[in-house]
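Notes follow once the structure below has been shown.
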Amino acid sequence: MTSRHISRRGFGKGTVAAGIGAALAGTAAGAPAAAAAPRWRATGTAVSALAGFDDAMQTFMQERDVSAGQLAVTYQGRLVLARGYSWTDDTALDVQPTSLFRLASLSKPVTGAAVARLAQEGEIDLSAPIGSLVDLVPPEGGSADPRLGDVTVRRLLHHLGGWDRDSTPDPMFQDFEIADALGVPLPIGRDDVMRYTTGLELDHDPGGTYAYSNYGYLLLGRAIEAVTGGGYRAYVQDNVLGPVGITRMRPGRTAEDHAAPTEVPYRSQYTGTTVLDGSGAKVPAPYGAFNLENMDSHGGWLGSAVDLVRFATVFDTPAATPVLDDTSIEQVFAEPETGVGSGGSYYGFGWQVRPVSSGGTGRNTWHTGSLAGTYTLLVRTYNGMSWAALFNQRDDPSGLSYADIDPLLWEAAREVESWPGGDRFPDYFD
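Start counting the sequence shown at 1; every next residue gets the next number (full-length UniProt numbering).
Below, the structure written as structure tokens:
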């Protein structure tokens, strides 16, 4: 998004990831009333042996003035902690362990699981060119890069499709440019994004360079629709989430008045010009500076932390759920044809992967998500722990990094002397 659409007022940290600028509107004319002191509140059942997790979340949120957060932790496949947190003077904000948050790029592991399930069923060929499944038609008078024929489903899953947002701006955040180029009104749709991007030259040869691509996962969502003959949401809910009892998760909506029941409000320092219509109105960045509906398969899901750690059990081996078999799970976490980092980490099917050798061989897998108004983290460890942490903002005047939640939660896990018994999953799933 360019500076003609985004402005900045006063204080705060620079843009992150997609880059949403401009501070929130100030107070009304006249001297502002003194703000009430924020109050810390935690919901869900406290577990004394896991108090370090609560402490980590409280420290993180209070240092950054985050009003809503959530955490769920599992051990050996059992839910041992599920908490909602608030740090605010807003007495109406009631964050429960099942409240819904935007998941941002934690949507990618969901899409990766759906594609792996289709491959397991013989419904999709991971080596198939994406153009054989999805119509990739450039704008009238334009031409498609001939290398698109080398963009396969597997390469999209591994971010090896050839699109590089560090070279060419991420088309998922180019609504104004796409509308102008195609001569269509706002809001643009996913088909518009695809038509515009098909007319661009690839930044890399497919399969040659790892470059994180939201657009690649948009195409995977459309491939799911093409091979199933139905909607992306329906397939995921019926074949990935439903089999493990997850019914709360759903695609989110952009506009504030379209929030789902129990969905938290989102906060950002920034405002932007709405992409939902051509009015030119300034809106809080989380509520119209990007189009969440277009991001369904790469960044559009809503869910809770308990939903995410339940979803993570889909990847337990030996397979403990009816979603993916052991062969499919190994394929999800297999090394790509290129893109292995110096420390051995790489990108699987919707997951970052790092092999770990400690008394055996295993792997840590994780993903983060980031949008204006959202920061999320999902971790699976080689020794049977997992956790999900969700927040309703990613920027604040402190300038502190939101990625700091990762080492804080690892430290909390290492400090656990004895993991509690029992399983709280039945408290949250039928």
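Using N, Cα and C, we set each Cβ at its ideal position, and we do this for glycine too.
Check, Outcome
"What does a CB cutoff of less than 6 Å around Arg-39 pick up in its chain, not counting 5 residues either side in sequence?", "none"
"Just to confirm, are Leu-126 and Ala-223 a CB contact at a threshold of 8 Å?", "no"
"Taking the beta strand (DSSP E) that Val-356 belongs to, which residues open and close that run?", "352-357"
"Cα separation between Ala-260 and Met-172?", "23 Å"
"Tyr-217 to Ala-37, Cα distance in whole Å?", "42 Å"
"Identify the continuous beta strand (DSSP E) that holds Tyr-85 and give its terminal residues.", "78-88"
"State the DSSP-derived secondary structure class of Gly-112, mapped to helix, strand or coil.", "helix"
"With a threshold of 6 Å on Cβ separation, who are the neighbours of residue 436 within its own chain once the five nearest residues in sequence on each side are excluded?", "Residue 436 lies beyond the range of the chain shown here (1 to 430); nothing can be said about it."
"Please tell me whether Val-95 and Ala-68 are closer than 8 Å, where the distance is taken between their beta carbons.", "yes"
"Is the number of C-beta pairs between the segment 223-241 and the segment 363-378 that are closer than 8 Å three or more?", "no"
"Once the 5 residues before and after Gly-252 are set aside, which same chain residues still bring their CB inside 6 Å of it?", "Arg-102, Leu-292, Gly-300 and Leu-302"
"Rounding to the nearest angstrom, what Cα-Cα distance links Thr-381 and Pro-265 in this structure?", "30 Å"
"Identify whether Gln-70 lies in helix, strand or coil by the three-state DSSP scheme.", "strand"
"Quick one: what does DSSP say Val-95 is sitting in, helix, strand or coil?", "coil"
"Within 10 angstroms of its Cβ, does Asp-296 collect 16 or more other Cβ (buried), or is it exposed?", "buried"
"According to DSSP, is Ser-328 part of a helix, a strand, or is it coil?", "helix"
"With distances taken Cα to Cα, identify the nearest neighbour of Glu-201 among Leu-220, Val-151, Ile-246 and His-158.", "Val-151"
"Roughly how far, in whole angstroms, is the beta-carbon of Ala-211 from the beta-carbon of Ala-305, given that I think they are within contact range, below 8 Å?", "About 29 Å; that fails the 8 Å criterion."
"In chain order, what residues of the same chain have a beta carbon less than 7 Å from the beta carbon of Thr-321, not counting five sequence neighbours either side?", "Pro-243, Val-244, Thr-313 and Val-314"
"Using the DSSP secondary-structure output, state which residues sit across from Ala-42 in a beta bridge.", "Tyr-85"
"Give every residue of the same chain whose Cβ lies closer than 8 Å to the Cβ of Ala-28, excluding the five residues on either side of it in the sequence, and list them in chain order.", "With a pLDDT of 40 at Ala-28, under the threshold of 50, the modelled position of that residue is not reliable, and the figure given next carries that caveat. Excluding residues within five positions, none has a Cβ falling inside 8 Å."
"In three-state DSSP terms, what is Val-151?", "coil"
"Are the segment 114-125 and the segment 180-188 touching, with three or more C-beta to C-beta distances below 8 Å?", "no"
"Does DSSP put Tyr-266 in a helix, a strand or coil?", "coil"
"For Gly-230 and Pro-169, I'd like the C-alpha separation in whole angstroms.", "30 Å"
"Classify Met-61 as helix, strand or coil using the three-state DSSP reduction.", "helix"
"Report yes if the CB atom of Leu-156 is closer than 8 Å to the CB atom of Leu-219, and no otherwise.", "yes"
"Would you please state the rounded distance, in angstroms, between the beta carbons of Pro-206 and Gly-161? I believe it to be under 8 Å.", "6 Å"
"For the alpha helix (DSSP H) containing Tyr-217, list its first residue and its last residue.", "214-228"
"Can you tell me whether residue 438 is helix, strand or coil according to DSSP?", "Here the chain comprises residues numbered 1 to 430, so residue 438 is not present and cannot be evaluated."
"Counting pairs of Cβ atoms below 8 Å between the segment 43-55 and the segment 81-95, do you hit three or more?", "yes"
"Near Ile-246, which residues of its chain fall below 7 Å by C-beta distance, leaving aside the five closest residues on each side in sequence?", "Asp-307, Arg-310 and Phe-311"
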